[in-house]
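Residue numbers (the working numbering): 7 to 171. We put the CB at the ideal spot given by N, CA and C, even for glycine. All of these numbers come straight from a predicted model, not from anything done at the bench. This report concerns only the one structure given below.
The following block contains the structure:
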(Lines of atoms letter the chains of each structure in order from A; the text may use other names.)
(Lines give C-alpha, C1' and ligand atoms only; values in the text may rest on other atoms or scores of the structure.)
Protein backbone atom coordinates (compact mmCIF):
# COMPACT_ATOMS: atom_id res chain seq x y z
CA UNK A 7 0.00 0.00 0.00
CA UNK A 8 1.15 3.47 -0.84
CA UNK A 9 0.57 6.07 1.91
CA UNK A 10 -1.16 9.12 0.43
CA UNK A 11 -2.15 11.36 3.34
CA UNK A 12 -2.43 11.47 7.10
CA UNK A 13 -5.13 13.09 9.24
CA UNK A 14 -4.56 12.81 12.95
CA UNK A 15 -4.11 9.14 13.83
CA UNK A 16 -5.49 7.94 10.47
CA UNK A 17 -3.55 7.28 7.25
CA UNK A 18 -5.10 6.91 3.79
CA UNK A 19 -3.39 4.41 1.50
CA UNK A 20 -3.73 3.80 -2.22
CA UNK A 21 -4.05 0.06 -2.83
CA UNK A 22 -2.36 -1.83 -5.62
CA UNK A 23 -2.40 -5.39 -6.91
CA UNK A 24 0.09 -6.33 -4.19
CA UNK A 25 -2.76 -5.69 -1.72
CA UNK A 26 -5.06 -8.18 -3.45
CA UNK A 27 -5.95 -10.34 -0.45
CA UNK A 28 -6.58 -7.36 1.84
CA UNK A 29 -8.84 -5.86 -0.85
CA UNK A 30 -10.79 -9.10 -1.26
CA UNK A 31 -11.20 -9.45 2.53
CA UNK A 32 -12.48 -5.87 2.76
CA UNK A 33 -14.85 -6.42 -0.17
CA UNK A 34 -16.31 -9.53 1.49
CA UNK A 35 -16.76 -7.59 4.75
CA UNK A 36 -18.53 -4.74 2.93
CA UNK A 37 -20.81 -7.11 1.01
CA UNK A 38 -21.76 -8.92 4.22
CA UNK A 39 -22.59 -5.61 5.89
CA UNK A 40 -24.44 -3.97 2.98
CA UNK A 41 -26.50 -7.03 2.07
CA UNK A 42 -26.92 -8.17 5.72
CA UNK A 43 -25.57 -11.62 4.81
CA UNK A 44 -25.42 -14.17 7.63
CA UNK A 45 -22.04 -15.59 8.68
CA UNK A 46 -22.95 -19.00 7.25
CA UNK A 47 -23.47 -17.50 3.76
CA UNK A 48 -20.76 -18.98 1.53
CA UNK A 49 -18.74 -16.08 0.11
CA UNK A 50 -16.02 -18.11 -1.60
CA UNK A 51 -17.34 -17.88 -5.18
CA UNK A 52 -18.00 -14.15 -4.77
CA UNK A 53 -14.57 -13.63 -3.22
CA UNK A 54 -12.98 -15.45 -6.16
CA UNK A 55 -14.95 -13.36 -8.68
CA UNK A 56 -13.83 -10.15 -6.93
CA UNK A 57 -10.23 -11.40 -6.85
CA UNK A 58 -10.41 -11.92 -10.63
CA UNK A 59 -11.91 -8.42 -11.05
CA UNK A 60 -9.07 -6.80 -9.09
CA UNK A 61 -6.45 -8.81 -11.02
CA UNK A 62 -7.94 -7.63 -14.31
CA UNK A 63 -8.69 -3.98 -13.55
CA UNK A 64 -6.25 -2.70 -10.88
CA UNK A 65 -3.05 -3.04 -12.96
CA UNK A 66 -4.82 -1.78 -16.10
CA UNK A 67 -6.05 1.40 -14.38
CA UNK A 68 -9.74 0.51 -14.61
CA UNK A 69 -10.14 0.50 -10.84
CA UNK A 70 -8.65 2.55 -8.01
CA UNK A 71 -8.95 1.49 -4.38
CA UNK A 72 -8.01 3.04 -1.07
CA UNK A 73 -8.11 2.17 2.61
CA UNK A 74 -7.75 4.19 5.77
CA UNK A 75 -5.91 2.60 8.68
CA UNK A 76 -5.39 3.48 12.32
CA UNK A 77 -2.86 1.54 14.36
CA UNK A 78 -2.62 -1.21 11.74
CA UNK A 79 -6.39 -1.75 11.57
CA UNK A 80 -8.56 -0.90 8.57
CA UNK A 81 -11.05 1.81 9.49
CA UNK A 82 -12.56 2.66 6.09
CA UNK A 83 -12.26 1.72 2.44
CA UNK A 84 -13.60 2.40 -1.02
CA UNK A 85 -13.05 2.02 -4.71
CA UNK A 86 -13.86 3.67 -8.01
CA UNK A 87 -14.44 1.91 -11.32
CA UNK A 88 -13.08 3.99 -14.19
CA UNK A 89 -14.68 3.43 -17.57
CA UNK A 90 -15.88 5.08 -20.78
CA UNK A 91 -19.36 5.47 -22.18
CA UNK A 92 -20.34 7.16 -25.42
CA UNK A 93 -19.58 10.91 -25.28
CA UNK A 94 -22.51 13.13 -24.35
CA UNK A 95 -23.09 16.90 -24.31
CA UNK A 96 -22.66 16.90 -20.52
CA UNK A 97 -19.67 14.51 -20.68
CA UNK A 98 -17.81 15.03 -23.97
CA UNK A 99 -14.95 12.69 -23.04
CA UNK A 100 -17.32 9.87 -22.12
CA UNK A 101 -15.09 9.07 -19.14
CA UNK A 102 -16.89 8.12 -15.92
CA UNK A 103 -16.19 7.04 -12.39
CA UNK A 104 -18.45 4.75 -10.40
CA UNK A 105 -17.81 4.79 -6.64
CA UNK A 106 -18.22 1.47 -4.86
CA UNK A 107 -17.50 -0.14 -1.55
CA UNK A 108 -17.51 3.12 0.43
CA UNK A 109 -17.49 1.73 3.95
CA UNK A 110 -16.45 2.77 7.43
CA UNK A 111 -16.26 0.25 10.26
CA UNK A 112 -18.65 0.96 13.11
CA UNK A 113 -15.95 1.92 15.63
CA UNK A 114 -14.61 4.63 13.30
CA UNK A 115 -17.83 6.28 12.13
CA UNK A 116 -18.66 9.98 12.54
CA UNK A 117 -15.02 11.03 12.12
CA UNK A 118 -15.12 12.16 8.50
CA UNK A 119 -13.46 9.03 7.12
CA UNK A 120 -16.22 8.27 4.61
CA UNK A 121 -16.00 11.82 3.27
CA UNK A 122 -12.22 11.47 3.04
CA UNK A 123 -12.55 8.24 1.02
CA UNK A 124 -15.10 9.89 -1.30
CA UNK A 125 -12.90 12.98 -1.69
CA UNK A 126 -9.86 10.88 -2.58
CA UNK A 127 -11.71 8.62 -5.03
CA UNK A 128 -13.57 11.42 -6.79
CA UNK A 129 -10.20 13.15 -7.13
CA UNK A 130 -8.80 10.01 -8.78
CA UNK A 131 -11.82 9.87 -11.11
CA UNK A 132 -11.38 13.53 -12.07
CA UNK A 133 -7.65 12.95 -12.67
CA UNK A 134 -8.67 10.14 -15.04
CA UNK A 135 -10.78 12.72 -16.86
CA UNK A 136 -14.20 11.61 -15.65
CA UNK A 137 -16.85 14.16 -16.49
CA UNK A 138 -19.40 12.19 -14.48
CA UNK A 139 -19.04 10.35 -11.18
CA UNK A 140 -21.83 8.08 -9.96
CA UNK A 141 -22.60 5.91 -6.96
CA UNK A 142 -25.35 3.81 -5.46
CA UNK A 143 -26.34 4.89 -1.97
CA UNK A 144 -27.92 3.24 1.01
CA UNK A 145 -30.31 5.36 3.06
CA UNK A 146 -27.57 5.54 5.68
CA UNK A 147 -25.07 7.06 3.22
CA UNK A 148 -27.27 9.68 1.54
CA UNK A 149 -26.41 12.55 3.89
CA UNK A 150 -22.69 11.87 3.48
CA UNK A 151 -22.89 11.81 -0.31
CA UNK A 152 -25.06 14.93 -0.43
CA UNK A 153 -22.48 16.71 1.74
CA UNK A 154 -19.82 15.59 -0.79
CA UNK A 155 -21.76 17.23 -3.63
CA UNK A 156 -23.74 14.28 -5.02
CA UNK A 157 -27.36 14.78 -6.06
CA UNK A 158 -30.09 12.18 -6.71
CA UNK A 159 -30.55 11.03 -10.30
CA UNK A 160 -34.16 10.86 -11.33
CA UNK A 161 -33.69 9.44 -14.80
CA UNK A 162 -32.06 6.06 -14.13
CA UNK A 163 -33.71 2.65 -14.26
CA UNK A 164 -32.37 -0.87 -13.90
CA UNK A 165 -33.33 -4.20 -15.39
CA UNK A 166 -32.56 -7.07 -13.04
CA UNK A 167 -30.95 -10.19 -14.44
CA UNK A 168 -32.78 -13.48 -14.38
CA UNK A 169 -33.01 -14.79 -10.83
CA UNK A 170 -32.33 -11.40 -9.23
CA UNK A 171 -34.83 -9.76 -6.87
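In angstroms with no decimal places, state the Cα-to-Cα distance between residue i and residue j.
i           : j           : result
residue 10  : residue 16  : 11 Å
residue 33  : residue 107 : 7 Å
residue 75  : residue 19  : 8 Å
residue 148 : residue 130 : 21 Å
residue 93  : residue 13  : 37 Å
residue 126 : residue 39  : 22 Å
residue 164 : residue 37  : 20 Å
residue 103 : residue 139 : 5 Å
residue 117 : residue 54  : 32 Å
Would you mind working out which of the options sits nearest residue i, comparing C-alpha positions?
i           : options            : result
residue 162 : 142, 155, 40       : 142
residue 113 : 79, 98, 132, 61    : 79
residue 132 : 145, 160, 90, 146  : 90
residue 128 : 110, 145, 116, 101 : 101
Would you mind stating whether residue i and residue j have Cβ atoms separated by less than 7 Å?
i           : j          : result
residue 119 : residue 81 : yes
residue 137 : residue 97 : yes
residue 25  : residue 7  : yes
Assuming residue i and residue j form a contact by the criterion Cβ under 8 Å, report the distance between their Cβ atoms to the nearest whole angstrom.
i          : j           : result
residue 87 : residue 123 : At roughly 15 Å, the Cβ-Cβ gap does not stay under 8 Å, so residue 87 and residue 123 are not in contact.
residue 71 : residue 29  : 6 Å
residue 23 : residue 60  : 7 Å
Would residue i be called buried (16 or more neighbouring beta carbons within 10 Å of its own) or exposed?
i          : result
residue 47 : exposed
residue 67 : exposed
residue 85 : buried
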